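Asker: Numbering (full-length UniProt numbering), first residue to last: 1 to 271. I'd like to ask some things about the structure below.
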């Protein structure tokens, strides 16, 4: 039933919506505030002052820089693998119906649907079975398993919105498969592919559960943060690094949203 104000939401609904947003994001705002606090104690309130001291101290620490660089490398490699395999899988599955297609689709989506601890244990067992020691390579493979899902979902949704007649016309006019992909297919899926890649990077950058089982002696940034919980004297620096992680994951997600906000069929857009 339509309200007397048309389609506008009432004050009760608006209050509930803003209250829900505040409930979800208040802890993030607390971390942001304490990253600038002058006090070294964990969480003294009210804040005693404003300082940028902890940012300089955090960047001066080699363990922080090493953890950041390792996480960037892992996220970049995982995203590259996910974009390649996810796009190929979407291209192979979007047009043809065959026996077992739904099962294959389920296998692609399963890694992100399973609890992270299950995926981590399964990967660790598989690595031990083939005699591979945990390290950079095993983390990248583990992250790529669930990063493929977001790329696949975005790209296959865009493929379904792409007219097959354009591809057929390109082939009829003498273009080879590579030229058809470069000049027809890629321009149509570019934003969905980029959005999927940005989401994959964000997921990989802050992943900790799967990483814990596959990292061995490597320390990514989320693992570094987890280890810092037992060091209360480093709390200000930990707050600064936590803020950096949140920004590093929020920006790609916002970018992916703006790339796909004008589409209503891209998986995960949630319109």
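No residue lacks a Cβ here, since even glycine has one placed at the ideal position from N, Cα and C. Just so it is clear, the structure is predicted and the values come from calculations on it, not from any experiment.
(1) Check whether the Cβ atoms of residue 25 and residue 74 sit closer than 8 angstroms, and answer yes or no.
(2) List the residues that DSSP assigns as beta-bridge partners of residue 37.
(3) Just reading off the alpha helix (DSSP H) that residue 164 is part of, what are its end residues?
(4) What first and last residue would you give for the alpha helix (DSSP H) that runs through residue 102?
(5) What's the gap between the Cα of residue 95 and the Cα of residue 162?
(6) What is the DSSP secondary structure of residue 98, reduced to helix, strand or coil?
(7) Where do the N-terminal and C-terminal ends of the alpha helix (DSSP H) with residue 63 fall, by residue?
(8) At which residues does the alpha helix (DSSP H) containing residue 159 begin and terminate?
(9) Rounded C-beta distance between residue 78 and residue 200? I'm assuming under 8 angstroms.
(10) Could you please give the first and the last residue of the uninterrupted alpha helix (DSSP H) stretch that includes residue 178?
(11) Count the other C-beta atoms from every protein chain shown that fall within 10 angstroms of the C-beta of residue 21, then say buried if there are 16 or more, exposed otherwise.
(12) Who are the near neighbours of residue 219 in its chain, counting only those whose CB is closer than 8 angstroms to its CB and skipping five residues on each side?
(13) Looking at the unbroken alpha helix (DSSP H) that takes in residue 215, where does it start and where does it end?
(14) According to the Cβ coordinates, are residue 32 and residue 51 closer than 8 angstroms?
(15) Out of curiosity, what's the CA-to-CA distance linking residue 212 and residue 153?
Answerer: Straight from the coordinates:
(1) no
(2) 50
(3) 164 to 172
(4) 101 to 113
(5) 11 angstroms
(6) coil
(7) 62 to 93
(8) 136 to 161
(9) 7 angstroms
(10) 177 to 180
(11) exposed
(12) 63, 66, 67, 70 and 227
(13) No alpha helix (DSSP H) contains residue 215, which DSSP labels as neither H nor E.
(14) no
(15) 26 angstroms
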